[in-house]
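Numbering-wise, the sequence shown is residues 366 to 646 according to the numbering used here.
Every residue, glycine too, gets a C-beta built ideally from N, C-alpha and C.
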Amino acid sequence: MYSLDINFLNDRSERPSEVGLGRGVPRVKDDPRPYYVGAAIGIALPALVLGFWLFLQNQNRSLAQRQIELDSQLSALQAQLGEVNAINTQVNQIEAENRALASVFDYIKPWSAILQDVRSRVPNGVQINSIEQLDPDPPAQPSPVASPPPAEGQPADGQPPPEATPVAAAPPPKVSISGVARSFNDVNDFVLTLQRSPFLEGSGVKLVRSRLVDNPTQVEFSDRGSGGGLEVRLPQVVEYTIEGNLTNLPASELLQDLERTLSVGLAARIQALRDRGVLQP
């Protein structure tokens, strides 16, 4: 069999329109404006950044200067505050000393008021021979008890820490009243009236001793000759001793009783301290 091979490329002729196409197209020149815009933007951005940085630096310098001024003012204010605190400390110390001095007057119990109050309470048939102040009884020691197991944070010996141990208050002074009475009933009446005294602790006033003794009263006759050979026997009397503790109430709570017993000096001082605000009513 036979095949036909035809090559059309050898028979193709060049057309003039295709040959002169590249030569007849006009060429457009480049526009320089985008270059100018790009250059302006490239210069403006660094300039803006530099100006903003300079502005921030100026603000930082102003703030630093302001901080220095405020620090100097703060130092002056702290110095003044230290002076104010020192003055307040002195004022508090003076007020504490005034209160301590006022408390001395507040806890004074004038013996004149106590004696006057006791004398006004003596019933008929009772005679007082002596009134004296005794040393107060020592505070009672707590009895030992079994301690529970130590808790967390407590010493192993079961004892509380030193700061938790209460401080015992000083016991009040003690007064002893001795004398004679016609009977035991008179002595009991005297004890009851003393228990109602505002200057004594009612529960602490007790009869510690009482007994029958011969009457110590001495009988003398004005005319020695008329009394010859006479023997006078007086009835026996009860010798007693009563003891009690003075009250712990401050004198500011006993103003009416002080005025009643004519102890106006201490009452006037306490009232003056109240008027000045040192003692609170």
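- Message: Between which two residues does the alpha helix (DSSP H) holding T558 run?
- Response: 549-560
- Looking at the structure shown, is Y605 part of a helix, part of a strand, or coil, going by DSSP? strand
- Between A451, G447, R574, D579, which lies nearest to G547 when the distance is taken from Cα to Cα? Sequence check: residue 547 is Arg here, not Gly. From the listed residues A451, G447, R574, D579, the smallest Cα separation to R547 is found for D579.
- Confirm, please, whether the CB-CB distance from P501 to P538 is below 7 Å. yes
- Item | Distance CB(P349)-CB(Y472) smaller than 7 Å | The question about residue 349 has no answer, for the chain in this structure spans 366 to 646.
- Task: Report the partner residues of R574 according to the DSSP bridge assignment.
- Result: T606
- Task: Let me know the secondary structure DSSP gives V487 once reduced to three states.
- Result: coil
- Message: For V540 and E596, what's the separation of their Cα atoms in angstroms?
- Response: 39 Å
- Message: In this structure, how does DSSP classify Q443 when only helix, strand and coil are distinguished?
- Response: helix
- Message: Please classify Y605 as buried or exposed, where buried requires at least 16 other C-beta atoms within 10 Å of its C-beta.
- Response: buried
- Can you tell me the Cα-Cα spacing of Q430 and L466, whole angstroms? 54 Å
- Message: Please tell me whether F555 and V603 are closer than 7 Å, where the distance is taken between their beta carbons.
- Response: no
- Cβ of E566 within 7 Å of Cβ of T612? Yes, Cβ-Cβ distance for E566 and T612 is below 7 Å.
- Item | Nearest neighbour of I542, chosen from L557, L559, S495, V573 [CA to CA] | S495
- Query: Quick one: what's got a C-beta closer than 6 Å to A478's C-beta in the same chain, skipping five residues either side?
  - Reply: L623, T626, S628
- Return the Cβ separation of V573 and Q492 in integer angstroms, given the expectation that the two are a contact with Cβ distance under 8 Å. About 18 Å separates the two Cβ atoms, so there is no contact after all.
- Message: Pull the bridge partners of G544 from the DSSP assignment, please.
- Response: G544 is bridged to I493, Y605.
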